[in-house]
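Below: the structure, in structure tokens.
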Amino acid sequence: MCRLERGFSEASRFHFARKGHVVSVAVLPEHRRRGVASELVEEATQSFIEKNAEECFLEVRMSNRPAIELYKKLGFQETRQIPFYYQNGESAIVMSKALR
Numbered sequence: 643m644c645r646l647e648r649g650f651s652e653a654s655r656f657h658f659a660r661k662g663h664v665v666s667v668a669v670l671p672e673h674r675r676r677g678v679a680s681e682l683v684e685e686a687t688q689s690f691i692e693k694n695a696e697e698c699f700l701e702v703r704m705s706n707r708p709a710i711e712l713y714k715k716l717g718f719q720e721t722r723q724i725p726f727y728y729q730n731g732e733s734a735i736v737m738s739k740a741l742r
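In structure tokens, the structure reads:
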């Protein structure tokens, strides 16, 4: 699930940008480690490019090391943290990727 937004850039806080937001990526356990999540994120990224987004970003649980490594492999960088982002009090890492 993803959406287009306008707001301050994740890369340059003083720049207003058209951004793609990857809101959620979910793959059933029996289908993990088969490239499904990579394909979903790559498809979302391509859609953002077609819609002239300058960058894309997502939030991920700090404890979700497999997802963080996947996003890094796809070109995302850790940008900042959001304390207490999730309902259980866990913080999120914001990861972003330039599209232009």
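In terms of the numbering used here, the sequence shown opens at residue 643 and continues consecutively.
The beta-carbon is built from N, C-alpha and C at its ideal position, and this holds for glycine as well.
As the structure is a computational prediction, the values presented were derived from the model and not from experiment.
{"Query": "By how many angstroms is the C-alpha of R655 removed from the C-alpha of Q729?", "Result": "26 Å"}
{"Query": "Starting from R707 and walking both ways along the beta strand (DSSP E), at which residues does that stretch end?", "Result": "Here R707 belongs to no beta strand (DSSP E); instead the alpha helix (DSSP H) covers R707 to K715."}
{"Query": "If contacts are defined as beta-carbon pairs under 8 Å, then M704 and A734 qualify, I think. What distance do you get, rounded to the angstrom?", "Result": "7 Å"}
{"Query": "If we ignore side chains and look at the alpha-carbon of each, how far apart do G717 and F650 end up?", "Result": "20 Å"}
{"Query": "For a test of the three-state rule: what should DSSP assign to V755, helix, strand or coil?", "Result": "Outside the modelled stretch of the chain, which goes from 643 to 742, sits residue 755, for which no answer is possible."}
{"Query": "For M643, count the other beta carbons within 10 Å of its own beta carbon; 16 or more makes it buried, fewer makes it exposed. Which is it?", "Result": "exposed"}
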